[in-house]
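S.K.:
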Amino acid sequence: MQKEIDELNRQLQNASAHEILTYLLQKYKNRVGLSSSTGTAGQVLTDMILKIDPNAYIFTLDTGRLYPETYDVLDATNLKYNTKIAVYFPKESSVQELYRTQGVNGHYESIEKRKNCCYIRKVEPLKRALKDVDVWITGLRSEQSVTRQQMPLVEYDEKFKVIKVNPLIAWSEKEVWEYIKEHNVPYNKLHDQGFPSIGCAPCTRAVEEGEDIRSGRWWWESPEHKECGLHTKH
Numbered sequence: 293m294q295k296e297i298d299e300l301n302r303q304l305q306n307a308s309a310h311e312i313l314t315y316l317l318q319k320y321k322n323r324v325g326l327s328s329s330t331g332t333a334g335q336v337l338t339d340m341i342l343k344i345d346p347n348a349y350i351f352t353l354d355t356g357r358l359y360p361e362t363y364d365v366l367d368a369t370n371l372k373y374n375t376k377i378a379v380y381f382p383k384e385s386s387v388q389e390l391y392r393t394q395g396v397n398g399h400y401e402s403i404e405k406r407k408n409c410c411y412i413r414k415v416e417p418l419k420r421a422l423k424d425v426d427v428w429i430t431g432l433r434s435e436q437s438v439t440r441q442q443m444p445l446v447e448y449d450e451k452f453k454v455i456k457v458n459p460l461i462a463w464s465e466k467e468v469w470e471y472i473k474e475h476n477v478p479y480n481k482l483h484d485q486g487f488p489s490i491g492c493a494p495c496t497r498a499v500e501e502g503e504d505i506r507s508g509r510w511w512w513e514s515p516e517h518k519e520c521g522l523h524t525k526h
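So for the sequence shown, my numbering puts the first residue at 293; every next one is plus one.
#1: Between the beta-carbon of threonine 369 and the beta-carbon of glutamine 335, is there less than 8 Å?
#2: My parser needs the alpha helix (DSSP H) runs of 4 or more residues fully inside the segment 386 to 437; what are they?
#3: With H, G and I counted as helix, E and B as strand and the rest as coil, what does DSSP make of alanine 307?
#4: Here's the rule: buried if 16 or more other CB atoms are within 10 angstroms of the residue's CB, otherwise exposed. What is histidine 475?
#5: Going by C-alpha to C-alpha distance, which of Leu326, Gln303 and Arg302 sits closest to valine 425?
#6: Look at the alpha carbon of glutamate 416 and the alpha carbon of lysine 383, and state the distance between them as a whole number of angstroms.
#7: Would you say asparagine 301 and valine 446 are within 8 Å of each other, going by their C-beta atoms?
#8: Would you call the segment 478 to 496 and the segment 360 to 369 in contact, with 3 or more CB pairs under 8 Å?
#9: At the level of alpha carbons, what is the spacing between leucine 418 and tyrosine 320?
#10: Can you round the beta-carbon distance between isoleucine 505 and proline 459 to whole angstroms, since I take them to be within the 8 Å contact cut?
#11: Which one or two residues does DSSP pair with phenylalanine 351 in a beta bridge?
#12: Quick one: grab the DSSP three-state call for tyrosine 373.
#13: Straight-line CA distance for asparagine 306 to isoleucine 312?
#14: Exposed or buried, arginine 392, counting other C-beta atoms within 10 Å across all chains shown (16 or more means buried)?
#15: Closest to arginine 357 by CA distance: which of Glu500, Pro494, Arg509 and Trp511 is it?
#16: According to the neighbour-count rule (16 or more other Cβ atoms, all chains shown, within 10 Å of its Cβ), is tryptophan 510 buried or exposed?
#17: Just verifying my parser: in three-state terms, what is the DSSP assignment at glutamate 447?
#18: Pull up the distance between the alpha-carbon of glycine 521 and that of cysteine 410, whole angstroms please.
#19: Name, in chain order, the residues that DSSP records as bridge partners for lysine 456.
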């Protein structure tokens with residue numbers, strides 16, 4: 293597998309995001325899946341991939357605690373591209389057990405409880421979403437946080453047993469917004485209200501000018517812990 297990863301990194305290292313998506317769809321066909329939280333990078337990739345293949349597999353995770361504006365942009369995206377982004381939900385029994393053991397907002401009490409909530413609402417549903425996928429495309433960018441600075445363009449994800457590709461890994465926030473404006477891509481209106489990164493409502497707040505773009509996510513935790521488990525090694 294590492295040989296395949298090395299070859300993909302070699303072939304795609306100087307390719308544009310559009311070229312990367314085109315190559316992956318041609319090589320792996322319907323075994324490619326794009327995950328999008330409907331954030332700006334995910335919206336850019338959604339626009340790109342659907343222009344290459346209108347039937348491309350795109351999915352999102354509905355944790356049950358999203359902002360109303362997130363559902364608005366999901367609907368707007370489906371309408372604009374005449375598509376139906378697949379939605380995966382947490383298991384009802386798991387959420388009920390979560391509430392029973394740590395309450396509605398127990399995630400504020402410790403990193404362990406917060407990560408348990410993230411596992412039930414995001415990690416387990418993602419496993420189901422990737423069940424028939426060989427190549428997982430994400431909107432990760434290296435400048436987003438300290439936990440993402442060393443991520444490569446292509447890697448093998450041991451947790452989910454898929455090839456993981458980050459076509460926008462070198463893009464800046466400015467480049468993302470330039471693409472959105474130029475191509476009239478739907479975006480979450482919370483971005484206009486000081487939310488550069490948007491997740492679950494209880495775990496996301498607006499940020500002040502000059503703050504890190506992910507400082508509004510799990511703001512009560514230190515930066516090295518600010519991942520939900522989707523993009524960590526363990």
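Glycine included, every Cβ here is placed at the ideal spot set by N, Cα and C.
M.R.: Let me spell this out:
#1: The count along the sequence shown starts at 1 and reaches residue 369 at position 77. The count along the sequence shown starts at 1 and reaches residue 335 at position 43. Their beta carbons are under 8 Å apart, which means threonine 369 touches glutamine 335 by this criterion.
#2: 403 to 410 and 416 to 421
#3: As a position in the sequence shown, residue 307 is number 15, starting the count at 1. Of the three classes helix, strand and coil, the one that applies to alanine 307 here is coil, per DSSP.
#4: Indexing the sequence shown from 1 puts residue 475 at position 183. It is exposed - the Cβ of histidine 475 has fewer than 16 other Cβ atoms within 10 Å.
#5: Numbered from its first residue, the sequence shown carries residue 425 at position 133. The shortest Cα separation from valine 425 among Leu326, Gln303 and Arg302 belongs to Leu326.
#6: Translated into the one-based positions of the sequence shown, residue 416 becomes position 124. Translated into the one-based positions of the sequence shown, residue 383 becomes position 91. Using only the alpha carbons, I get a separation of about 8 Å.
#7: Working through the sequence shown from its first residue, we reach residue 301 at position 9. Working through the sequence shown from its first residue, we reach residue 446 at position 154. Closer than 8 Å, so yes.
#8: Under the Cβ criterion (8 Å, minimum of three pairs), the segment 478 to 496 counts as touching the segment 360 to 369.
#9: Walking along the sequence shown from the start, residue 418 turns up at place 126. Walking along the sequence shown from the start, residue 320 turns up at place 28. Roughly 20 Å between the two C-alpha positions.
#10: As a working mapping, residue 505 is identified with position 213 in the sequence shown. As a working mapping, residue 459 is identified with position 167 in the sequence shown. Their Cβ separation, rounded to whole angstroms, is 19 Å, which puts isoleucine 505 and proline 459 out of contact at 8 Å.
#11: Your numbering for residue 351 matches position 59 in the sequence shown. The partner list for phenylalanine 351 (beta bridge, DSSP) reads Ser327 and Ala378.
#12: One-based indexing of the sequence shown puts residue 373 at position 81. Helix.
#13: Position 14 of the sequence shown, counting from 1, holds the residue named residue 306. Position 20 of the sequence shown, counting from 1, holds the residue named residue 312. Asparagine 306 and isoleucine 312 have their C-alpha atoms spaced approximately 9 Å apart.
#14: Here residue 392 is taken as the residue at index 100 of the sequence shown, counted from 1. Flag for arginine 392 reads exposed.
#15: Translated into positions along the sequence shown, residue 357 becomes position 65. The residue with the shortest Cα to Cα distance from arginine 357 is Pro494.
#16: The residue labelled residue 510 in the question sits at position 218 within the sequence shown. Tryptophan 510 comes out buried.
#17: Residue 447 sits at position 155 when you count from the first residue of the sequence shown. Here DSSP, grouped into helix, strand and coil, assigns glutamate 447 to strand.
#18: The residue labelled residue 521 in the question sits at position 229 within the sequence shown. The residue labelled residue 410 in the question sits at position 118 within the sequence shown. With a pLDDT of 45 at glycine 521, under the threshold of 50, the modelled position of this residue cannot be trusted, and the question is left open.
#19: On the sequence shown, residue 456 is found 164 positions in, with the first residue counted as 1. In DSSP, lysine 456 forms a bridge with Trp428 and Glu447.
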